[in-house]
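Heads up: take any position in the sequence shown, counting from 1, add 1, and you land on the numbering used here.
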Amino acid sequence: MTDTKTINGGRLLVDCLIAQGADRIFTVPGESFLAVLDALHDSPEVQTVVCRQEGGAAFMACADGAMTGKPGVCFVTRGPGATNASIGVHVAMQDSQAMLLFIGDVDRGMKDREGFQEVDFGQMFGPLAKLVLRIDDPKRIPEYVARAWNVAQAGRPGPVVIALPEDMLLEEVSGLAPRPAVARPAQPVCPDAMGVLMDLIADAAAPVAIIGGAGWHAKAREHFTKFAERIGLPVAGAFRRQDAISNASKVWAGNLGYGPNPKLTQRIKMADLVIAVGARLGEATTDSYTLITPEHPGQTLVHIHPDPNELGRVYRADLAICADMAEFAETADYWDDDVVPFDAGQEAHLEWLEWSNIGSGAKPAPYPLDMAACVTAMRGLLPDDSIICNGAGNFSGWWHRYWHYNGFPTQLAPTAGAMGYGVPAAVAAALRHPERTVVALAGDGDFLMNGQELATAVQYGCDLLVVLVDNGTYGTIRMHQEREFPGRVSGTTLHNPDFAALAVAYGGWAQRAETTEEFTTALAEAKDRKGLRLLHVIIDPEQLSAGGATISGLRAKAKG
Numbered sequence: 002m003t004d005t006k007t008i009n010g011g012r013l014l015v016d017c018l019i020a021q022g023a024d025r026i027f028t029v030p031g032e033s034f035l036a037v038l039d040a041l042h043d044s045p046e047v048q049t050v051v052c053r054q055e056g057g058a059a060f061m062a063c064a065d066g067a068m069t070g071k072p073g074v075c076f077v078t079r080g081p082g083a084t085n086a087s088i089g090v091h092v093a094m095q096d097s098q099a100m101l102l103f104i105g106d107v108d109r110g111m112k113d114r115e116g117f118q119e120v121d122f123g124q125m126f127g128p129l130a131k132l133v134l135r136i137d138d139p140k141r142i143p144e145y146v147a148r149a150w151n152v153a154q155a156g157r158p159g160p161v162v163i164a165l166p167e168d169m170l171l172e173e174v175s176g177l178a179p180r181p182a183v184a185r186p187a188q189p190v191c192p193d194a195m196g197v198l199m200d201l202i203a204d205a206a207a208p209v210a211i212i213g214g215a216g217w218h219a220k221a222r223e224h225f226t227k228f229a230e231r232i233g234l235p236v237a238g239a240f241r242r243q244d245a246i247s248n249a250s251k252v253w254a255g256n257l258g259y260g261p262n263p264k265l266t267q268r269i270k271m272a273d274l275v276i277a278v279g280a281r282l283g284e285a286t287t288d289s290y291t292l293i294t295p296e297h298p299g300q301t302l303v304h305i306h307p308d309p310n311e312l313g314r315v316y317r318a319d320l321a322i323c324a325d326m327a328e329f330a331e332t333a334d335y336w337d338d339d340v341v342p343f344d345a346g347q348e349a350h351l352e353w354l355e356w357s358n359i360g361s362g363a364k365p366a367p368y369p370l371d372m373a374a375c376v377t378a379m380r381g382l383l384p385d386d387s388i389i390c391n392g393a394g395n396f397s398g399w400w401h402r403y404w405h406y407n408g409f410p411t412q413l414a415p416t417a418g419a420m421g422y423g424v425p426a427a428v429a430a431a432l433r434h435p436e437r438t439v440v441a442l443a444g445d446g447d448f449l450m451n452g453q454e455l456a457t458a459v460q461y462g463c464d465l466l467v468v469l470v471d472n473g474t475y476g477t478i479r480m481h482q483e484r485e486f487p488g489r490v491s492g493t494t495l496h497n498p499d500f501a502a503l504a505v506a507y508g509g510w511a512q513r514a515e516t517t518e519e520f521t522t523a524l525a526e527a528k529d530r531k532g533l534r535l536l537h538v539i540i541d542p543e544q545l546s547a548g549g550a551t552i553s554g555l556r557a558k559a560k561g
């Protein structure tokens with residue numbers, strides 16, 4: 002239906018986003034898109050979340066899209082805002098998450114003069130995003146918004162960047178209405194290809210599945226779990242896709258990435274059939290393309306992915322299936338096959354349980370605060386469906402190993418390895434799921450890249466818990482430094498503020514913990530509180546990783 006009212010481009014743009022299903026946007030305001038902010042003033046359907054830095058806003062949009070399956074929406078201003086927000090675009094692309102980044106731009110008549118804060122966004126974001134658009138005619142706003150929404154969620158989801166000249170947003174138009182909501186294309190699986198897959202499984206001696214990634218959601222999770230459990234197929238999660246199925250499933254084999262269970266990596270090396278569902282089989286998942294090589298001699302590879310451009314891009318697939326994840330999983334679940342169930346799924350799950358739990362006979366770690374014991378305490382005190390959000394750093398490895406991701410979504414973590422993601426992601430999760438426990442995990446270096454978003458959390462009344470692991474160093478880099486240049490510490494030492502006092506200054510509650518017992522006591526108190534809570538966890542830098550790496554051990558190894 003055509004609207005005969007006269008409105009400006011900003012009002013039309015917001016109406017088009019509402020028509021597509023947007024209910025929340027994240028922004029740092031700029032004078033370049035004041036018409037949009039004015040339209041949002043009269044749009045109760047959309048919550049406008051004002052953030053403190055564009056990188057934090059973009060991370061929130063990225064995480065919101067990961068939870069909803071719809072594009073997360075972010076608005077920033079031109080040069081400085083867009084460059085700050087670019088990290089969120091990079092993460093959304095590498096993580097296959099739908100996101101729209103709208104950038105207020107210079108007036109159309111100023112273009113290509115290197116005006117104030119002008120950047121050629123096509124050149125800048127071309128390598129980072131799925132698509133970069135610029136809307137010069139407000140009459141085409143409905144077309145461009147629908148196109149951006151569709152591209153962001155179709156095939157392999159990812160970010161779309163849209164530049165908005167300031168004067169275009171102020172120009173008035175009439176006789177226009179938003180396009181209808183765009184549904185994500187759901188391509189069914191080819192029956193012939195499905196039959197070939199089932200024959201390959203029936204003939205296999207040691208199959209394994211690697212799952213999670215593009216377009217994975219609750220329906221795919223439900224049906225793939227039933228399928229894998231029915232045939233006893235071991236299921237491993239791609240890097241930071243640990244909630245792809247419940248870790249309580251009797252076929253869950255654990256996660257790949259940095260520091261996986263050696264028994265799992267051996268199982269994948271010995272597999273005669275590898276079924277990758279949704280996963281890109283990227284560098285982290287495949288241990289630099291060595292766990293499974295692109296040519297994978299002696300192994301049959303079936304690659305199922307929603308984007309044909311991903312199939313055959315790096316890995317030679319013996320059987321490539323282009324299908325929507327839920328469509329594939331549901332077809333597999335209901336397929337009438339002759340597969341004799343494998344024992345391998347249960348065996349793999351038992352191996353993972355042994356790996357992810359502290360054994361009853363295990364010796365306590367020789368540190369006042371034992372990270373493995375702290376994560377175990379969290380499992381006992383926090384709900385099963387808690388949403389765990391983390392950025393990048395060795396601190397996250399303890400949760401990757403010892404936390405059991407049973408609900409969905411329960412893991413928000415960047416496969417791109419971006420620091421500073423955890424706190425903004427937790428803000429987005431607390432807003433999207435106020436009924437659930439939300440935890441932001443951060444290292445000391447990681448936290449200070451976006452810790453200012455605690456102000457956003459307090460402003461919007463978010464209930465979230467921050468566990469800040471402080472070892473006074475950029476721990477991951479220090480680990481590599483000690484391995485390559487033992488004893489030569491350079492550029493990795495940090496002098497930190499009092500993080501507990503900082504959280505209180507933001508309006509939160511905080512406690513400092515220097516022992517495992519202090520952590521457990523503080524966590525129990527934090528659990529019963531509301532609002533922003535922060536645990537400042539002090540650990541010995543000697544305790545470098547969940548895999549057991551220590552500074553003294555790396556130095557001793559270097560000496561031979």
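Using N, Cα and C, we set each Cβ at its ideal position, and we do this for glycine too.
DSSP, reduced to helix, strand and coil, places D471 within a strand of the structure shown. In the DSSP assignment, F27 falls within the unbroken beta strand (DSSP E) covering R25 to T28. Residue environment: F396 is assigned as buried (16 or more neighbouring CB atoms within 10 Å of its CB, all protein chains considered). In the three-state reduction of the DSSP assignment, V505 falls in the helix class, which pools H, G and I. Rounded to whole angstroms, the Cβ separation of A59 and A86 is 4 Å, and the two are in contact under 8 Å. If you look at W253, you'll find it in the beta strand (DSSP E) that goes W253 to N256. With respect to the C-alpha of P295, the residue from G159, T551 and L312 having the closest C-alpha is L312.
Judged by DSSP in its simplified three-state form, R231 adopts helix. The shortest CA-to-CA distance from P72 to any of I478, G394 and A155 is the one to A155. The C-beta distance from A215 to G279 rounds to 5 Å, short enough to fall under 8 Å.
By the Cβ neighbour-count rule, K560 is exposed, with fewer than 16 other Cβ atoms within 10 Å of its own.
The three-state secondary structure of A321, taken from DSSP, is strand. For H405 and S247, the gap between their C-alpha atoms comes out near 8 Å. In this structure, I232 is the residue among C390, I232, K531 and M195 with its C-alpha nearest to the C-alpha of P342. The alpha-carbon separation between F409 and V174 amounts to approximately 43 Å. Only exposed fits T291, as fewer than 16 other CB atoms lie within 10 angstroms of its CB. By the C-beta density criterion, H537 is buried, having at least 16 other C-beta atoms within 10 angstroms. Annotation: I269 is outside any beta strand (DSSP E); the continuous alpha helix (DSSP H) that includes it extends over P263 to M271. At the C-beta level, I88 and L134 stay beyond 7 Å of one another. In the assembly as shown, A184 is an exposed residue. Its beta-carbon has fewer than 16 other beta-carbons within 10 Å. Looking at the backbone, the Cα of R317 and that of R513 are separated by about 51 Å.
The C-beta distance from T301 to D319 rounds to 5 Å, short enough to fall under 8 Å. In this model, G549 and D193 are separated by some 47 Å (Cα to Cα). Residue range E167 to L171 is occupied by the alpha helix (DSSP H) that includes L170. Per DSSP, F329 is one residue of the alpha helix (DSSP H) stretching across M326 to Y335. With 16 or more other Cβ atoms inside 10 Å of its own Cβ, V376 counts as buried. Between H304 and A277, the C-beta gap is smaller than 7 Å, which places the two residues in contact. M379 and M420 have their C-alpha atoms some 23 Å from each other.
Restricted to the stretch 81-168, the beta strand (DSSP E) segments that are unbroken, complete and at least 3 residues in length are 100-106, 132-135 and 160-166, listed in chain order. Of the candidates Q188, A330 and A321, A330 places its Cα closest to the Cα of A245. Taking C-alpha positions only, K270 is separated from L35 by approximately 56 Å. Ranked by how close their Cα comes to the Cα of D445, the residues I539, V209, W253 and R148 have I539 in first place. According to the DSSP assignment, F76 belongs to the beta strand (DSSP E) that extends over G73 to V77. The DSSP-derived three-state label of L274 is strand.
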